[in-house]
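Novice: For the sequence shown, the UniProt record's numbering gives the first residue as 1, with consecutive numbering after it.
I'd like to ask you about the structure that follows.
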Amino acid sequence: TLWHGNTIPYFRTNLFTVKPLPCPRASLKASTSLLKVMSLFKIRELWATHCESEDEVFDQNSMIVTKLDNSEFIVTGSHSGVLRIFKPFNGSNESGFSAADLLVEKRYEQPILQIGSGQLVSGSHQLQLAVLQPRLLTVCNVNVKQGLAEQGTESNIEELYEHKLHQPAVSFVIGPFGGVQNRDFICVQCIDGTLCFFEQESEGFLCSLSDFLLPGPFAYVKEGDLFVTSGAKWMLEAYRFKHLSEAEGKKKKTSLIPSWCYNLGEYVLDMQTLDEDTGNKESWISVLGERNLFCLNSKGKLKFMKRLEYTPVALCAFICNDQIVSLVMSDTDTLFVYHNTTLKWSAKLHFSPICLRRACVRNLQGVLIFLSEEGRLEACYLGTEPSLFVAPPLTLEEEDFAKLEEELKNVQQLMKNSHGNCLKMSNTNADKELGVDIRVAPNLSSCPFQTSMDIVDDLQMCEVFADLSPQIPFEEVQITTVVETPLTVDNPVTFLTNINEKSSSLARIYLNTNHEVPSLRLMIVITTVSSVGIPRACVKTLLMPIKLVAKLDEAQKEAEHKLTLTVSQDVVPLSTLFSDLTSTTEVPNNTIGIRSLTPKSKTVTVVPAKSTQRYRLQADSFASISLVLEQMVYRLQAHYKSKDLEISYVVSYPINELLSHLQEHFEMQKEVSRLQEKLNQFNTQFRLFEKRFVEKLKMKNLSSLSNVDILLTNTYHEILATIEALEDKKEKLVDVQVRLICCFCIFKQLISAADVDEKLKAMLLSLFNGSLEFLQHQIWEETADSVTSYLLKTVLSKSEKDYLKVSQAAFQDLKDINALKRQFTQVFERLARGKLQSGSGDTSMEITEEKQLDEIEEMPQLGSQISEKHTRLLSARTRSVNHTLTAL
């Protein structure tokens with residue numbers, strides 16, 4: 001039965017515990033009709049009222065629920081300047097609102113922007129109200145005096161003190177800033193980004209946020225003593241109270257740096273904090289965006305993010321049973337209840353609220369308080385009645401996985417064909433819509449920029465022009481110029497808007513550091529957005545003049561590293577190939593030496609054979625060969641552009657040189673990580689000593705400061721020494737990275753010419769195209785370990801048994817570089833064995849290490865073991881591997 005005695009049963013969950021309400025016998029008939037119309041997805045009204053004036057407007061900061069007299073009160077403040085304090089069911093009426101429920105009403109001259117409560121009076125443990133107006137902050141006390149018999153209660157608002165604001169205010173937060181006990185301070189956020197701090201009756205200090213444009217939701221996190229701001233940048237920025245107090249009086253806003261930032265990518269509608277003083281183990285920040293619900297901890301780490309399929313308008317978050325419960329109100333008047341990211345309940349409301357809170361009404365915990373923009377105030381609960389419908393069991397048939405796999409393969413093929421056709425059409429239209437002409441200035445000019453070069457007196461630069469000829473109007477055009485270190489560009493990105501006629505951009509390229517030059521290849525990426533919003537991209541590549549980075553040097557007779565090129569055409573004199581370098585210098589014995597302008601490079605000697613069609617490149621540094629090898633291949637192809645040219649290599653890949661640079665790079669990265677971890681430990685230790693020093697200082701006993709002062713000094717010197725060592729290791733890491741990139745460039749030349757399947761070739765080239773930038777969470781060696789492991793178990797597997805093991809592959813942190821070195825060795829050994837087994841074939845380039853050029857013997861051509869390529873090589877996770885097996 002729905003009835004039990006004189007009570008009406010209500011919905012009960014662990015979120016909202018609504019106990020039975022007494023129902024007089026006189027209202028039994030009305031209550032029975034109420035139950036009959038009760039819906040499973042409707043919020044039931046418990047208490048409601050409305051503001052008297054129709055001109056009043058409210059927002060999300062216009063209502064709070066707070067304890068002012070050992071019981072919870074509902075306080076509202078409108079933009080018309082009216083402050084009201086309600087206590088539901090304060091009168092004798094038990095069925096709804098009565099006049100006695102409105103305890104006090106006060107009108108201010110200015111709009112009320114926000115209201116809050118806290119311990120804002122010195123020496124008082126009671127809570128006071130804070131009322132924020134555009135130019136005034138008022139703190140007042142609410143006095144409630146119980147009347148005798150049925151005379152009711154007498155309430156009044158007593159203004160205690162006020163602070164005048166120098167800038168128009170937006171919002172404020174209240175909390176124990178700086179870790180104070182049994183009292184609260186106020187921080188007011190102004191419209192220009194100024195933060196005004198008030199320590200109860202006295203004024204604190206002012207500071208300004210950097211890069212501030214528009215104000216947004218503002219919150220204080222007790223754990224960490226953080227102020228979290230949001231605004232037009234769509235980012236969360238957290239500032240410590242200590243750093244804000246130290247920034248007092250500084251004129252430059254750029255001196256204030258946030259403790260952490262988190263990029264949300266959308267505007268913040270509301271932000272609430274769940275602090276540890278509520279019994280939680282950790283503080284959380286609940287953020288309601290335009291399309292997502294975020295939850296972060298006090299250190300800026302994301303706990304979860306929930307995508308919302310509707311437009312949210314209000315948020316109320318709290319913790320229940322170690323889970324974060326979020327109440328989100330949508331623009332369709334629907335309330336959604338989430339346990340973390342799981343939707344637990346949804347219910348419909350009969351009006352549109354702008355603010356949502358929870359309160360205790362008539363000893364009922366978890367009653368929902370809604371406030372609309374027009375001033376409608378309601379206390380509601382979630383009502384329900386049992387459903388008599390039971391869903392019948394579903395009859396599930398066993399799936400045919402072979403058939404499903406075949407269907408999936410067909411769909412993937414259709415998607416691939418469709419994508420390819422669309423891409424070709426898009427590229428064709430892009431070429432017609434925008435003409436791009438890349439020009440390199442024929443003569444180099446003197447470089448006026450400051451560089452980090454050590455030994456260059458007359459440094460030169462190269463000017464590159466990008467001429468655009470649009471056939472249709474373009475709304476946006478971005479030209480990005482990319483070069484390899486140590487080259488740099490003075491203007492790497494050029495952004496143009498509203499382009500409908502010919503335009504041009506200039507990029508000046510020059511040497512900036514002392515590292516090896518791996519390549520002179522220049523890549524220009526042109527990204528466009530047409531007037532109708534269609535985005536497209538165009539990539540152009542070319543080689544810059546060699547005189548920009550190199551010069552002639554004395555040829556060396558002996559060298560540690562040697563590579564030999566065999567061509568299918570007659571040997572071209574070096575004075576012809578390198579005419580731009582040898583125009584004013586004779587070439588003795590048809591042998592030249594080329595050396596980069598950077599001091600760390602070595603001379604590369606180019607020796608053509610007298611009786612055979614071969615060129616030998618030799619140098620004491622393997623990395624220095626990269627630049628000259630690229631130039632040789634490019635110039636030979638340009639010289640024989642009207643004829644068929646084959647450039648070949650023999651014997652084996654120079655794997656030992658690659659592995660040695662790989663070992664050095666891995667060890668240097670580990671050393672940088674170790675120093676960073678050491679620096680973090682010293683920073684933590686230094687902060688602890690600072691806190692201890694402040695505690696000792698408060699004791700007013702100077703003798704107790706000596707030991708702490710020694711600890712602070714020693715830790716400070718340790719931090720300085722660690723920073724100096726870290727900077728030195730980072731510079732060495734960059735040098736090692738550049739030399740490893742030189743090895744990559746050499747291997748890309750070898751792999752591009754290898755007689756292997758094009759898909760396998762693309763896999764290997766993608767391995768050596770990876771970025772070597774040092775990342776905290778993943779390094780290049782970890783990606784290479786995943787790729788080589790995948791290749792050895794699929795394309796280069798010895799047997800079907802090894803091939804099937806790929807489904808068990810997992811991405812793991814690389815602990816030992818020796819395992820990766822073995823995998824690299826196996827990859828190139830299996831490539832060489834495939835070459836011996838395949839017999840002869842046509843190759844386009846071959847290189848070898850040798851002692852005498854005339855003693856080289858031709859080896860059989862490299863064969864291929866054909867296999868389908870995985871769509872991505874950056875991960876070896878199970879989902880990606882299964883996709884590869886499906887493609888096979």
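The C-beta atom is built at its ideal place from N, Cα and C for all residues, glycine as well.
Please classify residue 29 as buried or exposed, where buried requires at least 16 neighbouring CB atoms within 10 angstroms.
Specialist: Caution is warranted here: a pLDDT of 32 is assigned to residue 29, below 50, making its placement in the model unreliable, and no coordinate value can be reported.
Novice: By how many angstroms is the C-alpha of residue 144 removed from the C-alpha of residue 189?
Specialist: Distance between the alpha carbons of residue 189 and residue 144: 31 Å.
Novice: Quick one: what does DSSP say residue 235 is sitting in, helix, strand or coil?
Specialist: Reduced to three states, the DSSP call for residue 235 is strand.
Novice: Does the beta-carbon of residue 717 have 16 or more other beta-carbons within 10 angstroms, so that it is buried, or is it exposed?
Specialist: Exposed, since its Cβ has fewer than 16 Cβ neighbours within 10 Å.
Novice: On a CA-only basis, which of 268, 359, 546 is nearest residue 443? Give me that one, please.
Specialist: Among 268, 359, 546, the Cα nearest to that of residue 443 belongs to 546.
Novice: Is residue 916 buried or exposed, if buried means 16 or more other CB atoms sit within 10 Å of its CB?
Specialist: An answer regarding residue 916 cannot be provided, because it is not within the stretch 1 to 888 covered by the chain.
Novice: Tell me the DSSP secondary structure of residue 353 in three-state form.
Specialist: Strand.
Novice: Where do the ends of the beta strand (DSSP E) carrying residue 472 lie?
Specialist: Where residue 472 is concerned, there is no enclosing beta strand (DSSP E), given that its DSSP letter is neither H nor E.
Novice: Under three-state DSSP, which class holds residue 448?
Specialist: If DSSP states are grouped into helix, strand and coil, residue 448 belongs with coil.
Novice: Residue 742 and residue 518 - do their beta-carbons sit closer together than 8 Å?
Specialist: Yes, the pair counts as a contact, with Cβ atoms nearer than the cut-off.
Novice: As an exercise, report each continuous alpha helix (DSSP H) stretch of at least 4 residues that is fully enclosed by the segment 168-231, in chain order.
Specialist: Entirely contained in the segment 168-231, not one alpha helix (DSSP H) run reaches 4 residues.
Novice: Which runs of the alpha helix (DSSP H), 4 residues or longer, sit entirely within the UniProt domain "PTHB1 platform" (545-646)?
Specialist: Runs found: 574-577, 579-582, 625-639.
Novice: Three or more beta-carbon pairs under 8 Å between the segment 499-507 and the segment 548-563, yes or no?
Specialist: Too few Cβ pairs lie closer than 8 Å, so no.
Novice: Can you tell which of 728, 689, 730 has its C-alpha closest to the C-alpha of residue 710?
Specialist: For residue 710, the nearest C-alpha among the options comes from 689.
Novice: Here's the rule I'm using: 16 or more other beta-carbon atoms within 10 Å means buried, otherwise exposed. How should residue 355 be labelled?
Specialist: Residue 355 comes out buried.
Novice: What three-state label does DSSP hand residue 826 in the structure shown?
Specialist: The answer is helix: DSSP assigns residue 826 an H, G or I state.
Novice: Counting along the chain, where does the beta strand (DSSP E) carrying residue 156 start and finish?
Specialist: That run of the beta strand (DSSP E) goes 153-164.
Novice: Does the separation of the CB atoms of residue 256 and residue 247 fall below 8 Å?
Specialist: Yes; because the gap between Cβ atoms is below 8 Å, this pair is in contact.
Novice: Candidates 820, 446, 379: which alpha carbon is nearest residue 43's?
Specialist: Nearest option by C-alpha distance: 379.
Novice: Using only CA atoms, which one of 782, 90, 107 lies nearest to residue 82?
Specialist: Here the closest residue by C-alpha is 107.
Novice: On the three-state DSSP scale, how would you describe residue 340?
Specialist: Correct three-state label for residue 340: coil.
Novice: At a cut of 8 Å, does the segment 519-539 reach the segment 568-585 through at least three beta carbon pairs?
Specialist: Judged by Cβ distances under 8 Å, the segment 519-539 makes no contact with the segment 568-585, as fewer than three pairs qualify.
Novice: When you compare the CB positions of residue 575 and residue 582, do they come within less than 8 Å of one another, or not?
Specialist: Against a cut-off of 8 Å, the Cβ pair of residue 582 and residue 575 comes out as a contact.
Novice: Just to confirm my understanding: we take residue 163, look at its own chain, exclude 5 residues before and 5 after, and list those with CB closer than 7 Å. What are they?
Specialist: So the list reads 137, 198, 203, once near-sequence residues are dropped.
Novice: Can you have a look at residue 298 and say buried or exposed, based on whether 16 or more other CB atoms are within 10 angstroms of its CB?
Specialist: Counting Cβ neighbours within 10 Å, residue 298 comes out buried, since at least 16 surround it.
Novice: Looking only at its own chain, which residues have a Cβ that is under 8 Å from the Cβ of residue 729, when we skip the five neighbours before and after it?
Specialist: Closer than 8 Å at Cβ, skipping near neighbours: 668, 671, 672, 675.
Novice: Would the segment 632-642 and the segment 489-500 be scored as touching if the rule is three or more Cβ pairs under 8 Å?
Specialist: The segment 632-642 is not in contact with the segment 489-500.
Novice: Thinking C-beta only, is residue 520 closer than 8 Å to residue 459?
Specialist: Cβ distance not < 8 Å, so residue 459 and residue 520 don't count as in contact.
Novice: Using only the alpha-carbon positions, how far apart do residue 849 and residue 724 sit?
Specialist: Caution applies to residue 849, whose pLDDT of 38 falls short of 50 and renders its modelled position unreliable; the model cannot decide the point.
Novice: The beta strand (DSSP E) with residue 495 in it runs from where to where?
Specialist: Residue 495 -> beta strand (DSSP E) spans 493-499.
Novice: Which residues in the same chain as residue 286 place their Cβ atom closer than 8 Å to its Cβ, once the five residues preceding and following it in sequence are excluded?
Specialist: Correct list, in chain order: 271, 272, 273, 274, 293, 294, 295, 315, 317, 324, 326.
Novice: Rounded C-beta distance between residue 890 and residue 115? I'm assuming under 8 Å.
Specialist: The structure shown does not extend to residue 890, since the chain spans only 1 to 888, so no value can be given for it.
Novice: Quick one: Cα of residue 763 to Cα of residue 608, how far?
Specialist: Distance between the alpha carbons of residue 763 and residue 608 is about 33 Å.
Novice: Under a three-way DSSP split, which group does residue 50 fall into?
Specialist: Reduced to three states, the DSSP call for residue 50 is strand.
Novice: Between which two residues does the alpha helix (DSSP H) holding residue 728 run?
Specialist: Segment 706-753, the alpha helix (DSSP H) holding residue 728.
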